[in-house]
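Undergrad: Residue numbers (my numbering): 888 to 994.
Ideal Cβ placement from N, Cα and C applies to all residues, glycine included.
Could you have a look at this structure, given as structure tokens, before my questions?
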């Protein structure tokens with residue numbers, strides 16, 4: 888073979904090998920690419936969403952206060968109920984004044 892034919896054969900051979908390698912690399916990455924995730928869409932509608940949560944736990948107050956009266960007597964008015972939020976100065980209960988007025992008069 889002449890030198891010219893050898894160099895032409897050399898370039899053709901290596902071009903074919905290079906194209907084969909590039910084709911395999913491209914095919915590898917195309918096959919490896921992740922398939923797109925299929926999604927479903929819907930038109931916007933106004934509707935109620937009901938969520939029911941069932942859980943076990945323990946409920947504790949922010950602050951626990953023990954209340955006692957300075958005098959004993961019958962409670963005649965109770966304007967708040969158990970669990971109701973109260974503020975400083977709110978009336979919690981009224982005591983019938985007969986018993987402590989009588990004890991202060993006799994003293």
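Pop quiz: residue 979 and residue 963 are said to be a contact at Cβ under 8 Å. What is the actual Cβ separation, rounded to whole angstroms?
TA: Going by Cβ atoms, the distance from residue 979 to residue 963 rounds to 13 Å, so no, they are not a contact pair.
Undergrad: Can you give the Cα-Cα distance for residue 919 and residue 902, rounded to whole angstroms?
TA: So the two alpha carbons sit approximately 26 Å from each other.
Undergrad: Locate the beta strand (DSSP E) running through residue 962, then write down its first and last residues.
TA: That run of the beta strand (DSSP E) goes 962 to 964.
Undergrad: Which residues in the same chain have their Cβ closer than 7 Å to the Cβ of residue 983, if we skip the five residues on either side of it in sequence?
TA: Cβ within range, chain order: 960, 961, 963.
Undergrad: For residue 970, collect the residues of the same chain with a Cβ closer than 8 Å to its Cβ; drop the 5 residues on either side in sequence, then sort them by chain order.
TA: Counting only Cβ-Cβ distances below 8 Å, and skipping sequence neighbours, we find nothing.
Undergrad: Suppose contacts are defined by Cβ-Cβ distances below 8 Å. Is residue 967 in contact with residue 973 by that definition?
TA: In this structure, residue 973 lies closer than 8 Å to residue 967 by Cβ.
Undergrad: Going by C-alpha to C-alpha distance, which of 899, 952, 987 sits closest to residue 975?
TA: Per the Cα distances, 952.
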